[in-house]
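Colleague: What follows is a single structure, and I will ask about it in a moment.
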Amino acid sequence: MHSTFMGLEMGKRGVFAHQTAIHTTGNNLANLNTEGYSRQRVRIGTVDPLYDPGLARVHTPGQLGQGPSTERIERVFDMLHENQVISTSDDLGYWQTRDFYINKLELIYNEPNDVSVRTYMDRFWNSWQDVAENPESLAARTQVVHNGKALSESINHRHTALQEQRVLLNDDIKVTVAEINQKTETIAKLNVQIARVQAMGDEPNDLMDKRDLLVRELAQLVPISVHHQDNDEFRINIEGRVLVQGELSHPLSVVANPSDGNLAQVRWGVADAPHQRDSYHDLYIAQGGKLSALIELRDHDVMDEIRKLDAMTVHLVDVVNDLHRQGAGISGLGGVDFFRQNVYVENSTGSIDTTGDGNLDSTYLFRITGANSLNEQQQVGLSGELTLSASNGALITVSYSANDTVGDIISRINYSGADIVARLDAQGNLALKGSLSSNGDTPDFVIRHIEDSGQFLVGYAGLLNASGAEGAFDYQNPDAVNAQLRVTQGVSFQTTPLQRPAAWIAVNEAIVSDANHVAAARPLLGSGEVAIGDNTMALAISQIRHEKVMIDRLTSMDDFFADSAALIGIKGSEAQETHQAFSTIYKNLDDIRQSISGVNEAEEFMNLVKFQHGFAASARFISVVDQMLDTIVNRLKV
């Protein structure tokens, strides 16, 4: 027969179970606004019946229960929806970052109209038109110098703004890597604590909430996948590489890249940890998340804008200087550059020692101009094949036939994928120019290889000495100018400019100090003097804005500005719209997760009342049992 005091134990268990439920509900309400908190609930079960089945059991009707027991306190959590939130987080982090920084790029380009590069460029061309209309006017020449300086300074300013954007992105990369490492280290430590709690048979609810919050935050920084192998292992991967595994975390490191101004390179592992596998020193190249967006913005988007600005600048300097050198100022002095010309190679023929062993081994030329004047509409009456260096480091071929015009061949070169652009200059001479480098073997604006199996570049354009491989111009020949170019027959060339021309462009000091050197006229043959009222060179320079100067396959200076503004606008719209789309997707998924795991205030109040009633009922039951015992002990004197 069961004990007389069994009722007290049963009531006590009911009180304790409902008390635990009330405390758990109170904990939920207290954490109503705690980020990452998942609501908890008490699993209340029944204690095993008093008697087990068997012949020796006391013969009483049925099995009498012994009240409730608190089995566990568990968090309400749905792994499926958690994984959906994580899988969307890297896209949100990527496009949120792009939207933020592309907007900053747009602000650089959306300068006030009166101080924009485009405005100063227009004023520069207009002032040359004024000189053409008043070639004897010193005031007009002074205005050209003033507008040239303003244009140069505005280009310098834009380059500085873009470079500052790269530095800002670089700093953000360092901060983001540190944040990733801090989160992964904390997750690994939490894994240890969680495993210890679980080993004791308890539920580490708060610790798991902290870990899951860190994982969701980490997922916006890098594209991760989460794996729960068993209770002893919690693993986070980035595209197959282990970032966290149980108690171990594999940090990312930031290494200075000397080939890119010591900007940060992100690599796997720690550079000074020799015990790590070699693969953990590889370059970080994962796609998705904030870190990937920052690297892409710094090394591609912003860098592309800097390089396009450099391309525009180097062509502006080259074309204006080429015409200006052919003209003369009021004093008759000619051969003066309008813009300062900073060269990569001091050697007059472009020969350079690239290895540092003291021996000249290469030739760096930006432009080669043929000796013969051509007509764009004229059929060449020749056939052959041009072999040119391509932007990917390979060689490509451009064929021409007798029926092709000069313009056809020029167009074919410009759209062939070669890292060379072609145009006819103001005198009709064929000019070949090196463009932006993409293979890393040479700096920007280096002509690497020109070869013609026929006579177009040889006798027709007057550029190469001979046809075939023997007559090919190749930058790896330190004597390429004298050996392959028709220098003695009128070929001209310009050595490769110093890198980042947008940073150093400026008006020639000789012209700044004396505006009389501004060349408006063409010197008379033989005398070196200029005719009164001659505006030939000023007019030619003013028309550059409309000419096909071929800036990175574009046609004119005006096209460059229109294309740059349009491209940034397209990127900005894409980033904003995609960011908004993923924000909506993420919010919807997180709302579903919150509807399952989040604390519902009204529901918790209902639970509080329910458990309070249960607690009161158990307490009332104890009171009744107490009265029963009082009757038995004190009244019946048992």
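Just so it is clear: in the sequence shown, position 158 is 160 by my numbering, and no numbers are missing.
We put the beta carbon where it would ideally sit given N, CA and C, even for glycine.
Everything numeric in this text was worked out from a predicted model, so none of it was measured.
Say whether the region 397-412 touches the region 513-523, bearing in mind that this needs 3 or more beta-carbon pairs closer than 8 Å, one atom from each stretch.
Modeller: Too few Cβ pairs lie closer than 8 Å, so no.
Colleague: If we ignore side chains and look at the alpha-carbon of each, how far apart do Ala533 and Ser139 end up?
Modeller: 14 Å
Colleague: Hey, could you find the ends of the alpha helix (DSSP H) Phe340 is sitting in?
Modeller: Counting along the chain, Phe340 falls outside any alpha helix (DSSP H), and DSSP gives it neither H nor E.
Colleague: Could you check what DSSP says for Gly95 in three-state terms: helix, strand or coil?
Modeller: helix
Colleague: Out of Ser118, Trp130, Gly47 and Gly13, state which residue places its alpha-carbon closest to the alpha-carbon of Thr538.
Modeller: Per the C-alpha coordinates, the member of Ser118, Trp130, Gly47 and Gly13 positioned closest to Thr538 is Trp130.
Colleague: Which partner residues of Glu135 appear in the DSSP bridge assignment?
Modeller: According to DSSP, Glu135 bridges with nothing at all.
Colleague: Is there a Cβ of chain D sitting closer than 8 Å to that of Arg450, yes or no?
Modeller: In the structure shown, chain D does not exist; there is a single protein chain.
Colleague: Give the range of the beta strand (DSSP E) segment to which Val268 is assigned.
Modeller: Leu265 to Trp270
Colleague: Cα-Cα, which of Pro114, Arg45 and Leu171 is closest to Thr99?
Modeller: Comparing Cα positions, the closest option is Leu171.
Colleague: When the distance is taken between beta carbons, is Val304 closer than 8 Å to Gln167?
Modeller: yes
Colleague: Check whether the region 377-389 and the region 448-456 are in contact - that is, three or more C-beta pairs closer than 8 Å.
Modeller: yes
Colleague: Which of helix, strand or coil does DSSP assign to Thr186?
Modeller: helix
Colleague: Three or more C-beta pairs under 8 Å: does that hold for the region 593-609 against the region 12-20?
Modeller: no
Colleague: Which of helix, strand or coil does DSSP assign to Pro225?
Modeller: coil
Colleague: Would the region 174-190 and the region 212-222 be scored as touching if the rule is three or more Cβ pairs under 8 Å?
Modeller: Short answer: they touch.
Colleague: Within this structure, are the beta carbons of Tyr96 and Ala288 separated by less than 8 Å?
Modeller: no
Colleague: When the Cα of Pro445 is compared with those of Thr365, Lys612, Val177 and Gln145, which residue comes out closest?
Modeller: When each option's Cα is compared against that of Pro445, the closest is Thr365.
Colleague: Are there any heavy atoms of the ligand COA lying less than 7 Å away from the beta-carbon of Gln629, as far as the coordinates show?
Modeller: Ligands in the displayed structure: none, and consequently the ligand COA is not present.
Colleague: Return the CA-CA distance between Leu500 and Ile411, expressed in angstroms with no decimal places.
Modeller: 30 Å
Colleague: Would you give the residue range spanned by the beta strand (DSSP E) that Pro70 belongs to?
Modeller: Element bounds for Pro70: Pro70 to Arg77.
Colleague: Name, in chain order, the residues that DSSP records as bridge partners for Glu391.
Modeller: Before going on, a small fix: residue 391 reads as Ser here, not Glu. DSSP, once it has assigned bridges, lists Leu397 as partnering Ser391.
Colleague: Would you list the one or two residues that DSSP bridges to Ile370?
Modeller: The partner list for Ile370 (beta bridge, DSSP) reads Leu434 and Phe495.
Colleague: May I ask you to report which of helix, strand or coil DSSP gives Ile297?
Modeller: helix
Colleague: From the DSSP output, read off the bridge partner residues of Ser375.
Modeller: Bridge partners of Ser375: Asn431.
Colleague: When burial is assigned at 16 or more other CB atoms within 10 Å of the CB, is His548 buried or exposed?
Modeller: exposed
Colleague: Can you give the beta carbon distance from Val268 to Leu245, rounded, assuming they're within the 8 Å contact cut?
Modeller: Going by Cβ atoms, the distance from Val268 to Leu245 rounds to 13 Å, so no, they are not a contact pair.
Colleague: With distance defined between alpha-carbon atoms, name the residue in Ile226, Met123, Ile370 and Phe236 nearest to Asn193.
Modeller: Phe236
Colleague: Would you report the Cα separation of Asp174 and Val448, rounded to the nearest angstrom?
Modeller: Rounded to whole angstroms, Asp174 to Val448 spans 33 Å at the Cα level.
Colleague: If you pair each beta-carbon of the region 313-327 with each one of the region 459-474, do three or more pairs fall below 8 Å?
Modeller: No: the two stretches stay apart, fewer than three of their Cβ pairs being nearer than 8 Å.
Colleague: Going by the CB atoms, is the gap between Val49 and Gln68 shorter than 8 Å?
Modeller: Yes, they are a contact pair.
Colleague: Whole angstroms are fine: how far does the CA of Val224 sit from the CA of Ala152?
Modeller: 44 Å
Colleague: Please state whether the Cβ-Cβ distance between Ser71 and Ala23 is less than 8 Å.
Modeller: no
Colleague: Beta strand (DSSP E) containing Glu453: first to last residue?
Modeller: Residues His451 to Asp454.
Colleague: Could you give the DSSP three-state label for Arg41: helix, strand or coil?
Modeller: coil
Colleague: Taking only the alpha-carbon atoms, compute the straight-line gap between Thr27 and Glu73 and give it to the nearest angstrom.
Modeller: 16 Å
Colleague: List the residues that DSSP assigns as beta-bridge partners of Thr407.
Modeller: Within the DSSP bridge table, the entry for Thr407 names Gln381 as partners.
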